[in-house]
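Participant: Here it is, the structure in full.
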Amino acid sequence: MQPTTQPGSLLRLATAGSVDDGKSTLVGRLLHDSKQVFADQLDAVERVSRERGLDGADLALLTDGLRAEREQGITIDVAYRYFATPRRRFILADTPGHVQYTRNMVTGASTAQLAVVLVDARHGVVEQTRRHAAVAALLGVPHVVLAVNKMDLADYAEEVFAPIADEFADYSRALGIREVTAIPISALRGDNVVEPSGHIDWYSGPTLLEHLETVDVDADQPGSAARMPVQYVLRPQSPDFRDYRGYAGQVTAGTFAPGDEVLVLPSGRRTSVAGIDRLGTRDVSLAHAGQSVTLRLTDDVDVARGDIIAAADQPPRVTRELSATVCHLADRPLHAGDRVLLRHGTATVKALVASLDSVLDLRTLRREPGPEALRANDIGRVHLRTASPLPLDDYAEHRRTGSFLLVDEADGTTLTAGMVGEPLGGDTVTKL
Amino acid sequence: MTGLRWATTNGRKGTRTTAATAASAARSRHPARPPRLTHLDALESEAVHVFREAAAEFERPVLLFSGGKDSIVMLHLAAKAFWPARVPFGLLHVDTGHNFPEVLKFRDHAVAEAAVRLEVARVQDYIDDGRLRERADGTRNPLQTVPLLDAINTHRFDAVFGGGRRDEEKARAKERVFSLRDEFGQWDPRRQRPELWSLYNGRHRPGEHVRVFPLSNFTELDVWQYIEREQIELPSIYFAHRREVFRRGGMWLTAGDWGGPKPDELETVQTRSVRYRTVGDMSCTGAVDSHAETVPEIIAEIAASTLTERGATRADDKLSEAAMEDRKREGYF
C-alpha cells in the first residue's frame, strides 16, 4: 500500500448483492488481494475458519464483524472499509443484501460515486438485481459495475456472461444510469477481482480493481451553480479580529470567488462575497465543491445557521411545499398527517406529511397509488408541507441540497430519507 | 499544536493575497470544472464539517483528549474548523494512572498552547476510594468506562468527540459518525441510526448523549500523512527511542511501577529501540521494534507493516473475538 495524495484520488463506493451472491467474499477478496489484510486479521480469520471446520480461510469473516453477524452468517448493517492502491484510496460502504435491508443500500448509495452490483452467474439478473439497480439510479449513483460472480461454477463461459451483461445494461439504461460496466469474476477463486483471470481469455476488459482505480469521476459534478449551507457563524471578537464575521460551511456545489453575487436563502437578500478564508488561511481566491471554508459577505445582512448561500443567477427555489421520493428507514411506519422534523442542509424545520402518493412495488418496479402507510424499507412518493420556507434543489441536480431526512420530534429517531423532485430521467424510473 | 502555524507558514496552501487582487484574479479563474480534492483535503474538509455540525447542534460538547496522535489531530482540526474564533468546547482526559509521563507532559503543553479548558477524570481516584477494583491482570483500560460515564453525567456533556476510526477494528467499521448512546452510555449496534449524505442527526433525549467521530474515515496512514502535511507536533514516544521493555503476551511492554516485569514469570527486562503506534495505558499498550525517528520514516514503516495498529500493540483487543464490540456496548468508545 502506497500513499497517494493526487487530486481525485478518493473514490467512495457501495456494494450491493443478494444474500448468497458472495458479496462478503468479494469484499474480503478485494481487501486480501490488494494486500490490505494484515497478518493478525488473517490469523483470526484462519483460526475461526478452522474452528468451523472449513478447508480454507473464509474471507467473508474479514467483514462480518458483529457477534450476531457471525452467528447468523449474514451482514446486518452497513460497514465502512478502507483500502488503497498507489493510484487511489477507497471508502467502501459494505451494504447488506437482504430484501428487508433496502434502507441499508440506500444509506450506502447516498454518498457513493460508484455501486458494485453483484449477481450469481448461475442465476443471472434476478428481482434483487433490478432492485439494486433501481436504488442506485434513484440515489443518483453515476457509475454502476455489474460483477457477474461465481464464473467458476459456470465453466467461465462467455455464453453465460454475455446475456446477463446485456440484460443488465438494457435495464440500467432504461433507469437512466449513466455508465454501466460488466465484469466476469470469481470472488472465491480470485478471478478478475484484483488479478486478471487465467480462465477467462475471452474477456479483455479491466479487473474490478483496475476499473475502480481508473473510472473517471471528474465529470460527475452536476449542479455547477454554487451552494453553501451555513453551519456556524464565526465571530471571534478578539483584538485581531474585532469586526470579523464569517459564515462557515462546506461548499456543496460549484465555486465561490470574491466578488461573486450571492443570495442568502430563504430570506432572499442579495449581497456579494467579500472574502474567503479556508481553515486558517486568509483570503483564498476560490472555494470549490467539497471544501470546508468561511465566506465573508460585503453587506451586514442577517445570516444564520440553516441558511443557504447560493449563486445569485441560479438559486434554488424557495418553497414550503415539496414532492419527494423517499425511503422509509424506521420500523415505525410513516402516515399521512404525521408531524415530523425535516432536516435539510443545516436547517431543521417542522413539517407535515400532507399525503402519501404512491409506494414502489419492489418486485415489479411499478408505482402503487395511495398507500395506507410507508413501512421500513419502502420507497415511495410523498408530499410534504413545511412550517417555514426552504431553499430546495432537485436531487438530480444537487445531491446535497436536494436531499433531506425526516426525524421524529419526540425521540429523535431518523425516520425517512428523501430526495426532492422527480427521480432521474429514463423510462422506467419515470414510471416509479 | 501551535495555534496558527498553518496560517502563516504553510506555503502549499496558497500564498497570501489581498481581497481585491484575489477577486479580480478569481473572476477570470472560475474553472469550468472545479478541481477534485486530494484525499487528505477531502478527509480534512469532512472532519471540519463534522466538528462544526456538532458544535452547532449540541449544548455542551467536549473533546476526549489523551495526548495521543488521534486526539492531537482532532484538536488541530477543531482549531482549524473555528479559526479565527476559539475552539468552542473543552477537553476531557480519562487518566488511567498508568499513562506514559511523556504523554501527560505533552498533553498539558498542547492544552496550554490551544488555550482550552481540560477536565481530568482519574481511574486512580476510583480505585483509592473503592468504587473500582484493580483487575487481576493489572490492565486498566477497561476500568476507564466508569470514570468516563461519570464525567459525562457530572458535566452534562451531550456530545463527546472521540478519535475512533473505522479502520481500527471490525466493530468500529460499523460505527456511525454521530453515535447515539443511552443513559448508561451503551452502544447498540442493532439500533443505530442510518446516516445518509452528510446529514447528521444529533437529536437525543435527556440523559442520552452522542459520541461524535470526526476521524471516522481516516486510516492510520491518513492520520500520519496528515500529521506530516500539517507538521503537527507529537509526544516523543511515537518516535524510535531506547527503552527498557519486557515481553508479555507477545508484546514489548514498558517496565515500570505499574506492574511489570514479574520475575516469577521469567519476564526479563532488556533495552531495545522501539516506538509506539498507539498511546494508551502502559499495562496494555505494546511498543514495536523500530528505528523510525521521523514522520516520513514512520509512514514508510506503517506502509510496509503486516500488522494492524491494534493487533500490534493492544492487549485488550486480544481478549476475545468481540472484545471491542463488548466494550463499546458498555460505554467505552
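Protein chains in written order, with the numbering used here: chain A, 18 to 449; chain B, 118 to 450.
C-beta atoms are modelled at their ideal positions from N, C-alpha and C, and glycine is treated no differently.
Everything numeric in this text was worked out from a predicted model, so none of it was measured.
(1) For Leu-373(A) versus Leu-391(A), is the C-beta distance shorter than 8 Å?
(2) Please go through the same chain and pick out, in chain order, the residues whose beta-carbon is closer than 6 Å to the beta-carbon of Asn-270(B), but skip the five residues on each side of it.
(3) What are the uninterrupted segments assigned as alpha helix (DSSP H) that are 4 or more residues long and contained completely in the stretch 151–196 of chain B, given in chain order?
(4) Can you check the stretch 212–238 of chain B for any beta strand (DSSP E) of at least 3 residues that lies completely inside it and give the ranges in chain order?
(5) Hey, which unbroken runs of the beta strand (DSSP E) at 3 residues or more fall wholly within the stretch 254–319 of chain A?
(6) Out of curiosity, what's the CA-to-CA distance linking Pro-386(A) and Ser-189(A)?
(7) In whole angstroms, what separates the C-alpha of Gly-324(B) from that of Val-412(B)?
(8) Any C-beta of chain A sitting closer than 8 Å to the C-beta of Trp-304(B)?
(9) Pull up the distance between the alpha-carbon of Phe-278(B) and that of Val-329(B), whole angstroms please.
(10) Mind listing, in chain order, the continuous beta strand (DSSP E) runs of no fewer than 3 residues lying wholly within the stretch 236–314 of chain B?
(11) Can you list, in chain order, the residues of its chain whose CB lies under 8 Å from that of Glu-312(B), leaving out five sequence neighbours each side?
(12) Taking Cβ-Cβ distances shorter than 9 Å, what residues in chain B pair up with Gly-429(A)?
(13) Quick one: give me the first and last residue of the alpha helix (DSSP H) that Ser-189(A) is part of.
(14) Once you ignore the five residues that flank Val-211(B) on each side, which residues in its own chain have a CB closer than 6 Å to its CB?
(15) Counting only Cβ pairs nearer than 8 Å, list the residues of chain A close to Asn-334(B).
(16) For the putative contact between Asp-111(A) and Val-44(A), defined by C-beta atoms under 8 Å, what is the C-beta separation to the nearest angstrom?
(17) For Ser-315(B), which residues in the same chain have their Cβ closer than 7 Å to its Cβ, ignoring the five residues on either side in sequence?
(18) Ignoring anything shorter than 3 residues or poking outside the stretch 336–386 of chain B, list the beta strand (DSSP E) runs there in chain order.
(19) Can you list, in chain order, the residues of its chain with a C-beta nearer than 6 Å to that of Glu-439(A)? Leave out the 5 residues immediately preceding and following it.
(20) Here's a check: name, in chain order, each residue in its chain whose Cβ is nearer than 7 Å to the Cβ of Pro-126(A), leaving out the five neighbours to either side.
(21) Just checking, does the stretch 366–386 of chain B make contact with the stretch 192–209 of chain B on the three C-beta pairs under 8 Å criterion?
(22) Please return the same chain residues whose Cβ sits closer than 7 Å to the Cβ of Val-232(A), not counting the five positions on each side in sequence.
(23) Taking buried to mean at least 16 other C-beta atoms within 10 Å of its own C-beta, is Val-136(A) buried or exposed?
(24) Might you give, ordered along the chain, the residues of its own chain that have their beta carbon closer than 6 Å to the beta carbon of Thr-138(B), omitting 5 neighbours on each side?
(25) Going by the DSSP bridge assignment, what does Glu-212(A) pair with across the sheet?
(26) Beta carbon of Arg-459(B), beta carbon of Thr-431(A): below 8 Å?
(27) Where Gly-377(B) and Asp-208(A) are concerned, what is the direct C-alpha to C-alpha distance, given to the nearest angstrom?
(28) Quick one: list the residues of chain A neighbouring Thr-402(B), beta-carbon separation under 8 Å, in chain order.
(29) Let me check understanding here. Comparing Cα to Cα, which of Leu-47(A), Ala-74(A), Arg-148(A) and Asp-72(A) lies closest to Arg-380(A)?
(30) Is there a C-beta anywhere in chain A that falls below 8 Å from the one on Thr-395(B)?
(31) If we define contact as Cβ-Cβ less than 8 Å, is Leu-154(B) a contact residue for chain A?
(32) On a Cα-Cα basis, can you pick out the residue from Leu-48(A), Leu-76(A) and Phe-107(A) that is closest to Thr-155(B)?
(33) Would you say Pro-331(B) and Phe-175(B) are within 8 Å of each other, going by their C-beta atoms?
(34) Measure the alpha-carbon distance for Pro-350(A) versus Tyr-118(A) and round it to whole angstroms.
(35) Would you identify the three-state DSSP class for Arg-148(A), choosing helix, strand or coil?
(36) I want to verify the contact list: residues of chain B whose CB lies under 8 Å from the CB of Gln-248(A), in sequence order.
Facilitator: Let me lay it out:
(1) Taking the C-beta atoms as reference points, Leu-391(A) is found nearer than 8 Å to Leu-373(A).
(2) Taken in chain order, the list of residues that qualify is empty.
(3) Listed in chain order, the complete alpha helix (DSSP H) runs (minimum 4 residues) inside the stretch 151–196 of chain B are 156–174.
(4) Runs of the beta strand (DSSP E) inside the stretch 212–238 of chain B: none found.
(5) Every beta strand (DSSP E) stretch that sits fully inside the stretch 254–319 of chain A and reaches 3 residues is listed by chain position as 263–267, 278–282, 286–294 and 309–314.
(6) Rounded to whole angstroms, the gap between the alpha carbons of Pro-386(A) and Ser-189(A) is 24 Å.
(7) Cα-Cα distance, rounded: 42 Å.
(8) For Trp-304(B), the answer is no, since every Cβ of chain A falls outside 8 Å of its Cβ.
(9) Annotation: Phe-278(B) to Val-329(B) spans about 5 Å, alpha carbon to alpha carbon.
(10) Whole beta strand (DSSP E) segments, 3+ residues: 276–278 and 295–298.
(11) Hits under 8 Å: Arg-293, Val-294, Phe-295 and Asn-318.
(12) Result: Leu-297, Arg-310, Asn-318, Gly-319, Arg-320, His-321, Arg-322 and Glu-325.
(13) Element bounds for Ser-189(A): 175–192.
(14) Answer for Val-211(B): Ala-238, Gln-261, Pro-264 and Leu-265, listed in chain order.
(15) Tyr-97, Tyr-99 and Ile-108, listed in chain order.
(16) Beta-carbon to beta-carbon, Asp-111(A) and Val-44(A) are separated by about 5 Å, close enough to satisfy the 8 Å threshold.
(17) Leaving aside the five residues that flank Ser-315(B) on each side, the residues in its chain whose CB is nearer than 7 Å to its CB run, in chain order, His-166.
(18) As far as the stretch 336–386 of chain B is concerned, its whole beta strand (DSSP E) runs of at least 3 residues are 358–365 and 368–371.
(19) Residues of the same chain with a CB within less than 6 Å of the CB of Glu-439(A), apart from the 5 flanking positions on each side, do not exist.
(20) Rather than Pro, the amino acid found at residue 126(A) in this sequence is Ala. The answer, listed in chain order, is Ala-31, Ala-132, Val-152, Ala-153, Leu-156 and Val-158.
(21) For the pair of segments examined, the stretch 366–386 of chain B was found not to touch the stretch 192–209 of chain B: the number of CB pairs separated by less than 8 Å stays below three.
(22) Same-chain partners within the cutoff: Leu-131 and His-160.
(23) Buried, by the Cβ-count rule.
(24) Low local confidence applies: a pLDDT of 41 at Thr-138(B) is under 50, so the model's placement there is unreliable, with the coordinate-based value given in what follows. Excluding residues within five positions, none has a Cβ falling inside 6 Å.
(25) Asp-208(A), per the DSSP bridge assignment.
(26) Coverage of chain B is limited to positions 118 through 450, which leaves residue 459(B) absent and any answer about it impossible.
(27) Each residue's alpha carbon lies about 50 Å from the other.
(28) Here the premise fails: no neighbours, minimum Cβ distance about 16 Å.
(29) Of the candidates Leu-47(A), Ala-74(A), Arg-148(A) and Asp-72(A), the one whose C-alpha sits nearest the C-alpha of Arg-380(A) is Arg-148(A).
(30) Taking Cβ atoms only, chain A never reaches closer than 8 Å to Thr-395(B), which makes this a no.
(31) Yes, Leu-154(B) lies at the interface with chain A (some Cβ there is under 8 Å from its Cβ).
(32) Looking only at Leu-48(A), Leu-76(A) and Phe-107(A), the smallest Cα-Cα distance to Thr-155(B) is reached by Phe-107(A).
(33) Phe-175(B) sits away from Pro-331(B), with the two beta carbons spaced by 8 Å or more.
(34) A direct Cα-to-Cα measurement between Pro-350(A) and Tyr-118(A) gives close to 15 Å.
(35) DSSP, reduced to helix, strand and coil, places Arg-148(A) within a helical segment of the structure shown.
(36) Within 8 Å of the CB of Gln-248(A), the CB atoms of chain B belong to His-166, Arg-169, Glu-170 and Ala-173, in sequence order along the chain.
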